[in-house]
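*Asks:* This is the structure I have questions about; it appears just below.
Number of protein chains: 2
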Amino acid sequence: MTENADSATSDEKIFFYGKIQELPDDVIDTLSNDSVVFGCDDSTLKVLLVRHAEGDSAGEWALPGGWVRYNESVDDSAVRMLQHLTGVHDIYLEQLHVFSDVHRVPHRRIITTAYYALIRPDDHAIAAGFSTYDVRWVDIHDLPELIYDHADIIDMALHRLRHKVRHEPIGFNLLNKKFTLLQLQELYEAILDVKLDKPNFRRKMLKMNLLISSNEKQTGVSHRAAKLYEFDEAVYHELEQQGFNFEI
Amino acid sequence: MTENADSATSDEKIFFYGKIQELPDDVIDTLSNDSVVFGCDDSTLKVLLVRHAEGDSAGEWALPGGWVRYNESVDDSAVRMLQHLTGVHDIYLEQLHVFSDVHRVPHRRIITTAYYALIRPDDHAIAAGFSTYDVRWVDIHDLPELIYDHADIIDMALHRLRHKVRHEPIGFNLLNKKFTLLQLQELYEAILDVKLDKPNFRRKMLKMNLLISSNEKQTGVSHRAAKLYEFDEAVYHELEQQGFNFEI
DNA sequence: TTTATAATAGTTAAAAAGACTATAAGCTTG
DNA sequence: CAAGCTTATAGTCTTTTTAACTATTATAAA
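This is the structure:
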């Protein structure tokens, strides 16, 4: 990052569509970022949306986004916005697509680079102090109407997530560092909208040797506690070098 | 497209890094596109590069690219540039990534959206009349030094191609509409840098039911002529709906 | 007609996927 | 504390797929 994200202290750092005329003077006025932030709660897939309380687009739901500054990359602008929004510093974040239709924003030419991010349950609490807008986790099956082309962006992000999650071990970024095999299975079921066989899923996962079996167990459940596992990034990268292909 | 690509008649429509100060006045001066154009010849994977004859970057190799106009999307700007460069109108083209490091271009802030394109052998001839620069197919294993971050862009494009070609039937866009099974196999071998077993590859391909067996055969070969096949896009999209997953 | 080259067909063993059944562990409630 | 419930975990068996081969056939060219 070009600059410390925490230097951002005011709400204006987050994309405020309703105040589009009052741009800070250190941003490129045609370029924005928008992020589809995924989270998984109660085995349902959710997206983080914001709603502005003032301005032209007050009351309308939108993806969280922000402007790109002259002295930062587009990626950095997205990281900065997300850190400010969620308070989390090691977010899984990937570029999704550039949306640049001439008429995607009325009366303005704004080209946005869309991202998708994966957030762990432990980090679902949203940083407080956002007086000028609502921030909310919304079930992916129950999205409200969104401004501009944001519905298209979510649509593409969901397709990308569904595809990528089957071919690369990125799903782990939607779980806490330590998780049970059933949590992992339910995550896949939520994302892919399928039902999986428990013993087979379990066997397949374990055979890949990508899970570190911790000695800890689940707590606070009213049944036999399952063992907690951790994703082994080091082993994955090693296997990847050797041509290993993660597949669900 | 916002505008007919053929309205472009001069070389200035293609990114001319050496003349960066002499921008047309209908472009967004911070935004460009750059494309990694892949082609497969003699079972080797190649990339289309340009070399400018005049200006600051004369003599240096670069990816073909262009500016984004106010009245077109970034995607359209890439299509326009590629059509002008290759003369081909139905190019397979996908967004790759936005490269936006503050210092990627010296003394200038230029944010580029990178694309990758796949060109069929039949279309490898480059449209004539590019007086101000060289255009050349270069073996992927034998790349010259490139300006700016273009080597990184090719690197990412190659990774993306290698990954995507294994999971989606896009490889066909690097072959002519009609091809033999051995050509297809050699294409995969060239892209993935592996050796495949002929009978097994053949069986696997045919079992997918994605190939229309034409009644035609190869001509001009000094051995038994192989049957020509065509990729069946319609069947693929149907199977895709049903959850079918292309895998090599 | 021989020869070279690649097309195409077939075989077999090992591995993986899929659909199950069975048992064990541990909380909860009467 | 025992019965019952829920989930963890182990194991079986069948079907498919993959992988490594061998064998045969067609065709242009010498």
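Chains as they are written, first to last, in the numbering used here: chain A, 363 to 610; chain B, 363 to 610. In this text, a Cβ means the ideal position worked out from N, Cα and C, and glycines have one as well.
Going by beta-carbon coordinates alone, are residue 495/A and residue 599/A separated by less than 9 Å?
*Replies:* By one-based count along the first sequence, residue 495/A stands at place 133. By one-based count along the first sequence, residue 599/A stands at place 237. No, the pair does not count as a contact, with Cβ atoms beyond the cut-off.
*Asks:* Would residue 520/B count as contacting chain A if we go by Cβ distances under 9 Å?
*Replies:* For the purposes of this step, residue 520/B is taken as residue 158 along the second sequence, with counting starting at 1. Judged by the 9 Å Cβ criterion, residue 520/B is not in contact with chain A.
*Asks:* Report yes or no: do the stretch 500 to 508 of chain A and the stretch 556 to 565 of chain A share at least 3 C-beta pairs separated by less than 8 Å?
*Replies:* no
*Asks:* Which of the three DSSP states, helix, strand or coil, is assigned to residue 527/B?
*Replies:* The residue you call residue 527/B lines up with position 165 of the second sequence. Helix at residue 527/B.
*Asks:* Considering only residues of the stretch 492 to 560 of chain B, which uninterrupted alpha helix (DSSP H) runs meet the minimum length of 4 residues and lie entirely inside it, listed in chain order?
*Replies:* 512 to 529, 543 to 554
*Asks:* Out of 436/A, 403/A, 572/A, 540/A, which one is the CA nearest neighbour of residue 392/A?
*Replies:* Within the first sequence, the letter at position 30 stands for residue 392/A. Residue 436/A is the option with its Cα nearest to residue 392/A.
*Asks:* Starting from residue 436/A, follow the alpha helix (DSSP H) in both directions and report where the run begins and ends.
*Replies:* Taking the first residue of the first sequence as 1, we reach residue 436/A at position 74. 436 to 448 is the span of the alpha helix (DSSP H), which, as asked, contains residue 436/A.
*Asks:* With distance defined between alpha-carbon atoms, name the residue in 486/B, 468/B, 471/B nearest to residue 449/B.
*Replies:* Start at 1 with the first residue of the second sequence, and residue 449/B comes out as number 87. Cα-wise, what sits closest to residue 449/B is 486/B.
*Asks:* Give me, in chain order, the residues of the same chain whose beta-carbon lies closer than 6 Å to that of residue 453/A; leave out the 5 immediate sequence neighbours on both sides.
*Replies:* Stepping through the first sequence from its first residue, residue 453/A is reached at position 91. 444, 479.
*Asks:* From this set, 473/B, 457/B, 456/B, which residue's C-alpha is nearest residue 464/B's C-alpha?
*Replies:* Looking up residue 464/B in the second sequence gives position 102. For the residues 473/B, 457/B, 456/B, the minimum Cα distance to residue 464/B belongs to 473/B.
*Asks:* What are the partner residues of residue 459/A, as DSSP defines its beta bridges?
*Replies:* Reading the first sequence from its first residue, position 97 is the one you call residue 459/A. DSSP output for residue 459/A lists 476/A as bridge partner(s).
*Asks:* Could you pull the start and end residues of the alpha helix (DSSP H) that residue 595/A belongs to?
*Replies:* The residue you call residue 595/A lines up with position 233 of the first sequence. From DSSP, the alpha helix (DSSP H) with residue 595/A extends over 595 to 603.
*Asks:* Check the Cβ-Cβ distances between residue 514/B and every residue of chain A, and say whether any is below 9 Å.
*Replies:* To locate residue 514/B, count along the second sequence from 1; it is residue 152. Output row for residue 514/B: interface = no.
*Asks:* At a Cβ threshold of 9 Å, is residue 475/A touching chain B?
*Replies:* Within the first sequence, numbered from 1, the residue matching residue 475/A stands at position 113. Yes, contact with chain B.
*Asks:* Using DSSP with H/G/I as helix, E/B as strand and the rest coil, what is residue 411/B?
*Replies:* Locating residue 411/B in the second sequence gives position 49, counting from the first residue. Correct three-state label for residue 411/B: strand.
*Asks:* How would you write the range of the beta strand (DSSP E) that residue 400/A sits in, first residue to last?
*Replies:* The residue you call residue 400/A lines up with position 38 of the first sequence. Note, residue 400/A: beta strand (DSSP E), 389 to 403.
*Asks:* Count Cβ pairs between the stretch 544 to 556 of chain A and the stretch 513 to 529 of chain A that sit closer than 8 Å; are there 3 or more?
*Replies:* yes
*Asks:* What's the gap between the Cα of residue 579/A and the Cα of residue 389/A?
*Replies:* Translated into the one-based positions of the first sequence, residue 579/A becomes position 217. Translated into the one-based positions of the first sequence, residue 389/A becomes position 27. Going from the Cα of residue 579/A to the Cα of residue 389/A covers about 49 Å.
*Asks:* What residue from 447/A, 462/A, 398/A, 572/A has the CA that sits closest to residue 543/A's CA?
*Replies:* By 1-based counting over the first sequence, the position of residue 543/A is 181. Considering only alpha carbons, the answer is 572/A.
*Asks:* Which residues does DSSP pair with residue 428/A in a beta bridge?
*Replies:* Numbered from its first residue, the first sequence carries residue 428/A at position 66. Paired residue(s): 395/A.
*Asks:* For the beta strand (DSSP E) containing residue 577/A, name the first residue and the last one.
*Replies:* Within the first sequence, numbered from 1, the residue matching residue 577/A stands at position 215. It spans 573 to 579 - the beta strand (DSSP E) in which residue 577/A sits, taken as one unbroken run.
*Asks:* From the DSSP output, which residues share a beta bridge with residue 589/A?
*Replies:* Residue 589/A sits at position 227 when you count from the first residue of the first sequence. Paired residue(s): 579/A.
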